[in-house]
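Peer 1: Below is the structure I would like to discuss, written out as structure tokens.
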Amino acid sequence: MATEITCTSLLKPATSFQSSDTLIPLTIFDRTAFPGHVPNIIVFQSPTPSNKQLKHGLSQVLSHFPHAAGRLTFDSKHQLCIALNNAGIRVIEVRVSSTLCKNISLEGTKNLKELYPSTDEGIEELMQVQLNRYMCGGLVIGLTCHHFLGDGQSISNFCSAWAQTVRTPGMHALATPFLDRGAIVVPRKIPMTSFDHANIEFKKVEFDSHWNKAQNLTVHFSVDFISDLKALVPGGCTKFECLLSHLWKKITVARGLKETDFTEIRIAINCRGRVKPAVPLNFFGNMVLWAYPRLCVKDLLTLSYAQVVIVIRKAVAQVDDTYIKSFIDFGAIASEKGEQLSTTYVATGTSLSPHLEINSWLGFRFSDLDFGFGQPSAFFQPNEPIEGTIEFSPSCKERGGVDVFLALSEDRIDVFRQICYSIEESAVGCKQIGCPTSRM
């Protein structure tokens, strides 16, 4: 796959933000995010809108999302902020001298790094877009966003607004996003922390630090398979709960863990609807915390799917209004003391075993990503493999199906493939169980 850059430019908002010297301090939620760019790849088969149409729509939508066109800087208190200075985003236009493979995916596709802008340190722009044009007329959009800019919900909202602007040019019905970051982190009159947030969201997490030979793979779960899983949980469960229970079991078996080991999942939780009063879903920024269901390997493999779902559900329920308000108060207290907080993240090549980390895009409607010529044929994050990471995404090929992107050790891939579609319900009865959860 030969690529040629035909144009690179800074694209600015069609309408500049009212004040170019406005500084927006990062919130305590922002500071838990990965401190760098996260790449996304969106694939469209021919026909597609022109680069001119895409850039025009992008310029229009940037007027509604001024943070995306800003830059990171420090204020007089040495707090990291986003400067709403209308500096613009980087747009790279690329010609690809090949046809677009219809099954382009995270697994088995080489040279993915050529399809999105560099995510190396030192990039000034908070958002970058690369438009890759194939000989067949297909289009691959490589989008990178600094995680301080926003979480998955925010970026999906931005992309949906961009698509709407291109799909319906001249229309001015674009909903204005909720941009007031300060409004979501107002502490209580007497700030009070009820949890050890310094050692939950910000502590140095110890993982297996050997450079693990991990490999990305994609697994598709059909509507019928998901229905079979749900049938194992009397009283009902969500698509997310049943699939996560299933994968937790299968990955644990594939890893060959000892029965006495403990295994834990770090689940990203969108807090917008969990705090009272609720924060609008169109809030642009970060508002994610994590749940940590935890089980002994022996228990995980002998408990029924219904029982594992209960463990997951109870852990997620702990991220409630009380917990979120405690976290916000923690941020206010730390800021008052001048404490410098920084998140930790797992480096490429590190193994999370015996633990897992899950992010879900199941709430993202791909119909909203229609630029006027149909929905994308693929959407994924082309990250370097970190063993134990999982991502759920709505299937672009089967309505109601789920594509799972995960990374496992190369020597465990074959075992996982052999068992990932087997459903072996535990013979253990439905006994009452507690919620052995922990917070990393």
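Residue 695 in our numbering sits at position 40 of the sequence shown, and the numbers go up by one each step.
We put the beta carbon where it would ideally sit given N, CA and C, even for glycine.
All values derive from a computational prediction rather than experimental measurement.
Would a C-beta distance cut-off of 8 Å place Ser705 and Cys791 closer than the cut-off?
Peer 2: For Ser705 and Cys791, no; Cβs fall outside 8 Å.
Peer 1: Take the Cβ of Phe1019 as the centre, count every other Cβ of all protein chains shown within 10 Å, and call the residue buried at 16 or more, exposed below.
Peer 2: So Phe1019 counts as buried.
Peer 1: Could you tell me which whole alpha helix (DSSP H) segments of length 4 or greater appear in the segment 941-1000?
Peer 2: Correct list: 952-957, 960-972 and 976-992.
Peer 1: Nearest to Glu780 by alpha carbon, out of His722, Asn1038 and Pro1049?
Peer 2: Closest option to Glu780, Cα to Cα, is His722.
Peer 1: Is the number of C-beta pairs between the segment 1022-1040 and the segment 848-858 that are closer than 8 Å three or more?
Peer 2: They do not touch, by the three-pair rule.
Peer 1: Take Gln783 as the anchor and find which of Phe684, Arg745, Glu769 and Thr774 has the nearest alpha-carbon.
Peer 2: For Gln783, the nearest C-alpha among the options comes from Arg745.
Peer 1: For Tyr978 versus Phe850, is the C-beta spacing smaller than 8 Å?
Peer 2: It is a contact, given that the beta carbons lie within the stated cut-off.
Peer 1: Taking all protein chains shown into account, decide if Leu956 is buried (16 or more other Cβ within 10 angstroms of its Cβ) or exposed.
Peer 2: Buried, because 16 or more other Cβ atoms sit within 10 Å of the Cβ of Leu956.
Peer 1: Asp630 by DSSP, collapsed to three states: which one?
Peer 2: Nothing can be reported for residue 630: it is not among the residues displayed for the chain, which extend from 656 to 1095.
Peer 1: Could you check the C-alpha separation between Lys913 and Thr907 for me, to the nearest Å?
Peer 2: For Lys913 and Thr907, the distance between alpha carbons rounds to 9 Å.
Peer 1: By the DSSP assignment, the alpha helix (DSSP H) with Phe880 in it spans what residues?
Peer 2: Phe880 -> alpha helix (DSSP H) spans Val878 to Lys885.
Peer 1: Suppose you measure from the CA of Ser990 to the CA of Arg686; what does that come to, to the nearest Å?
Peer 2: The alpha-carbon atoms of Ser990 and Arg686 are separated by roughly 12 Å.
Peer 1: Taking the alpha-carbon positions, what's the Val840 to Cys800 distance?
Peer 2: The straight-line gap from Cα to Cα measures roughly 22 Å.
Peer 1: Is Lys904 buried or exposed, if buried means 16 or more other CB atoms sit within 10 Å of its CB?
Peer 2: By the neighbour-count rule (16 or more Cβ atoms within 10 Å), Lys904 is buried.
Peer 1: Determine the burial state of Lys732: buried for a count of at least 16 other Cβ atoms within 10 Å of its Cβ, exposed for fewer.
Peer 2: Result: exposed.
Peer 1: Could you work out which residue in Ser1048, Leu755 and Arg788 is closest to Leu709 when comparing CA atoms only?
Peer 2: Nearest of Ser1048, Leu755 and Arg788 to Leu709, Cα basis: Arg788.
Peer 1: For Ser864, does the three-state DSSP call read helix, strand or coil?
Peer 2: Model confidence at Ser864 stands at a pLDDT of 49, short of 50, so the residue's coordinates are unreliable; what they give is reported in the following sentence. In the structure shown, Ser864 sits in coil (DSSP, three-state: anything other than H, G, I, E or B).
Peer 1: Within 10 angstroms of the Cβ of Pro772, are there 16 or more other Cβ atoms? Answer buried if so, exposed if not.
Peer 2: Buried.
Peer 1: As a quick exercise: from Ala657, Ala946, Thr728 and Ile983, pick the residue whose alpha carbon is nearest that of Ile967.
Peer 2: Taking only the C-alpha atoms, the option nearest Ile967 is Ala946.
Peer 1: Quick check on the DSSP output: the beta strand (DSSP E) that includes Gln785 runs from which residue to which?
Peer 2: Per DSSP, Gln785 belongs to the beta strand (DSSP E) from Met782 to Tyr789.
Peer 1: Only counting the same chain, and skipping five residues up and downstream in sequence, which positions put a Cβ closer than 8 Å to that of Ser864?
Peer 2: In this prediction, Ser864 has a pLDDT of 49, which is less than 50 and means its spatial position is unreliable; what the coordinates show is noted afterwards. The residues are Thr1005.
Peer 1: Is it buried or exposed for Tyr1000, if we count other Cβ within 10 angstroms and need 16 for buried?
Peer 2: The residue in question, Tyr1000, is exposed, as its Cβ has fewer than 16 Cβ neighbours within 10 Å.
Peer 1: How far does the alpha helix (DSSP H) with Ser900 in it reach, from first residue to last?
Peer 2: Lys894 to Arg910 is the span of the alpha helix (DSSP H), which, as asked, contains Ser900.
Peer 1: Less than 7 Å between C-beta atoms, sequence neighbours within five positions excluded: which residues of the same chain meet that for Asp975?
Peer 2: Closer than 7 Å at the Cβ level, and outside the excluded window around Asp975, lie Arg929.
Peer 1: Look up Thr799 in the DSSP assignment and give the residues it is bridged to.
Peer 2: Thr799 pairs with Pro694 and Gln783.
Peer 1: Rounding to the nearest angstrom, what Cα-Cα distance links Ile660 and Glu748 in this structure?
Peer 2: Approximately 6 Å, taken between the alpha carbons.
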